[in-house]
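Trainee: Would you mind keeping the following structure in view while I ask a few things?
Numbering (the UniProt record's numbering), first residue to last: 1 to 289.
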């Protein structure tokens with residue numbers, strides 16, 4: 001969860017800050033807030049960028065560049081631990097004072113420390129004064145965000161192979177290039193029932209912008225059976241993808257069940273007319289009895 005953190009005055013006139021554009025500076029500050037007490041944070045693109053820019057229209061295609069720019073200018077290191085993407089801020093303990101640190105996740109701090117050590121060995125350019133002991137941060141799979149040809153993806157330092165984080169999936173007809181925000185005409189805000197349904201099947205909360213995008217996608221898919229949408233949501237939660245992938249996952253679920261990807265006219269009539277009428281009749285009979 002986000003935390004109150006300290007940004008020193010020196011940050012604003014540092015050479016690193018001067019070389020970064022405004023959006024990169026804001027994203028780094030957001031990652032500073034997003035990090036835990038050890039300078040480690042969830043690097044899932046849709047989550048960290050959704051947290052940093054909840055009311056801005058950020059094209060999905062810009063996610064890899066934004067995350068790479070933060071690494072280029074501020075030395076943030078990306079790595080994977082137990083199959084999930086994380087980032088580590090090597091200069092964390094140098095600039096952030098934490099009186100009482102929460103208990104770390106088992107193995108995560110050690111993985112982050114190895115990641116920082118690997119990045120130093122690969123010449124990623126981490127501040128020479130950045131700590132590498134138990135107070136610092138450093139994993140077996142480390143690199144800058146994006147393509148494997150970028151500087152810093154060589155697995156030197158500990159002899160372990162460096163595996164760069166993948167780019168976001170390509171944008172196609174099903175994936176909108178932007179997430180709608182309150183500055184534009186948008187569908188009605190998700191109801192508590194819709195949000196509870198989503199959180200139940202993805203297993204956690206997401207930034208409000210992401211949850212609203214999921215609500216919008218589910219409304220478009222309302223003619224499909226509820227179990228199909230539930231399974232698609234569970235698969236989406238394991239993919240760390242854009243909400244616009246949900247229609248693809250619904251198609252996958254339907255294909256796996258031996259059905260066509262599009263609902264028939266009978267399906268639509270059943271779900272939009274027959275089932276609601278039956279439910280209303282049952283409720284009326286219950287009240288009369």
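Cβ coordinates follow ideal geometry from the N, Cα and C atoms, glycine included. The structure presented is a predicted model; accordingly, all values stated were derived computationally and were not measured.
1) Could you pull out every unbroken alpha helix (DSSP H) segment of at least 4 residues lying fully inside the region 19-56, listed in chain order?
2) Could you pull out every residue in the same chain whose Cβ sits closer than 6 Å to the Cβ of residue 16, ignoring the five residues on either side in sequence?
3) Apart from the five residues just before and just after residue 206, which ones in its own chain have a Cβ nearer than 6 Å to its Cβ?
4) What are the residues that DSSP puts in a beta bridge with residue 85?
5) Counting along the chain, where does the alpha helix (DSSP H) carrying residue 90 start and finish?
6) From the DSSP output, in three-state form, read off residue 198 for me.
7) What first and last residue would you give for the alpha helix (DSSP H) that runs through residue 276?
8) First and last residue of the alpha helix (DSSP H) that includes residue 71?
9) At a cut of 8 Å, does the region 223-230 reach the region 43-62 through at least three beta carbon pairs?
10) Determine the contact status of residue 40 and residue 112, defining contact as a CB-CB distance below 7 Å.
11) Using C-beta distances below 7 Å, list every residue in its chain close to residue 70, excluding the 5 sequence neighbours before and after it, in chain order.
12) Secondary structure at residue 316, three-state DSSP: helix, strand or coil?
13) To the nearest angstrom, how far is it from the Cα of residue 278 to the Cα of residue 289?
14) Assuming the contact rule is C-beta atoms closer than 8 Å, residue 247 and residue 214 should be a hit. Round their C-beta distance to whole Å, please.
15) Using CA coordinates, which residue listed in 59, 203, 204 and 208 is at the minimum distance from residue 191?
16) Rounded C-beta distance between residue 229 and residue 194? I'm assuming under 8 Å.
17) Alpha carbons only, please: which of 120, 22, 280 and 105 is nearest the one belonging to residue 91?
18) Note down the Cα distance separating residue 274 from residue 285, rounded to an integer number of angstroms.
19) So is residue 283 buried or exposed if we call it buried at 16+ other beta carbons inside 10 Å?
Mentor: Considering the structure as presented:
1) With a minimum length of 4 residues, the continuous alpha helix (DSSP H) runs that stay inside the region 19-56 are 22-34 and 45-52.
2) For the purposes of this step, residue 16 is taken as residue 16 along the chain shown, with counting starting at 1. Answer for residue 16: 73 and 74, listed in chain order.
3) The residue labelled residue 206 in the question sits at position 206 within the chain shown. For residue 206, where only same-chain residues beyond five positions count, there are no Cβ hits under 6 Å.
4) As a first step, residue 85 is located in the chain shown; it is residue number 85 there, counting from the start. Answer by DSSP bridge pairing, in chain order: 80.
5) Position 90 of the chain shown, counting from 1, holds the residue named residue 90. Unbroken run through residue 90: none, as it is neither H nor E.
6) The residue labelled residue 198 in the question sits at position 198 within the chain shown. Here residue 198 sits in helix by DSSP.
7) Walking along the chain shown from the start, residue 276 turns up at place 276. Per DSSP, the unbroken alpha helix (DSSP H) holding residue 276 starts and ends at 275-288.
8) Locating residue 71 in the chain shown gives position 71, where the first residue counts as 1. Per DSSP, residue 71 belongs to the alpha helix (DSSP H) from 63-74.
9) The region 223-230 vs the region 43-62: no contact.
10) Residue mapping note: residue 40 aligns to position 40 of the chain shown, counting from 1. Residue mapping note: residue 112 aligns to position 112 of the chain shown, counting from 1. If you check the CB distance, residue 40 and residue 112 come in under 7 Å.
11) Residue numbering aside, residue 70 sits at position 70 when the chain shown is read from its first letter. Excluding sequence neighbours, residue 70 sits near 24, 27, 28, 31 and 76.
12) Since the displayed the chain opens at 1 and closes at 289, residue 316 lies outside it and no answer follows.
13) Here residue 278 is taken as the residue at index 278 of the chain shown, counted from 1. Here residue 289 is taken as the residue at index 289 of the chain shown, counted from 1. In a straight line, the C-alpha of residue 278 is about 17 Å away from that of residue 289.
14) Along the chain shown, read from residue 1 onward, the residue named residue 247 stands at position 247. Along the chain shown, read from residue 1 onward, the residue named residue 214 stands at position 214. Going by Cβ atoms, the distance from residue 247 to residue 214 rounds to 12 Å, so no, they are not a contact pair.
15) Walking along the chain shown from the start, residue 191 turns up at place 191. Of the residues 59, 203, 204 and 208, the one whose Cα lies closest to the Cα of residue 191 is 208.
16) Along the chain shown, one-based indexing puts residue 229 at 229. Along the chain shown, one-based indexing puts residue 194 at 194. Not a contact, Cβ separation roughly 11 Å.
17) Translated into the one-based positions of the chain shown, residue 91 becomes position 91. If we check each option's Cα against that of residue 91, 120 comes out closest.
18) Counted from its first residue, the chain shown places residue 274 at position 274. Counted from its first residue, the chain shown places residue 285 at position 285. Counting only the Cα atoms, residue 285 lies some 17 Å from residue 274.
19) Sequence index remark: in the chain shown, residue 283 carries index 283 (1-based). Exposed, because fewer than 16 other Cβ atoms sit within 10 Å of the Cβ of residue 283.
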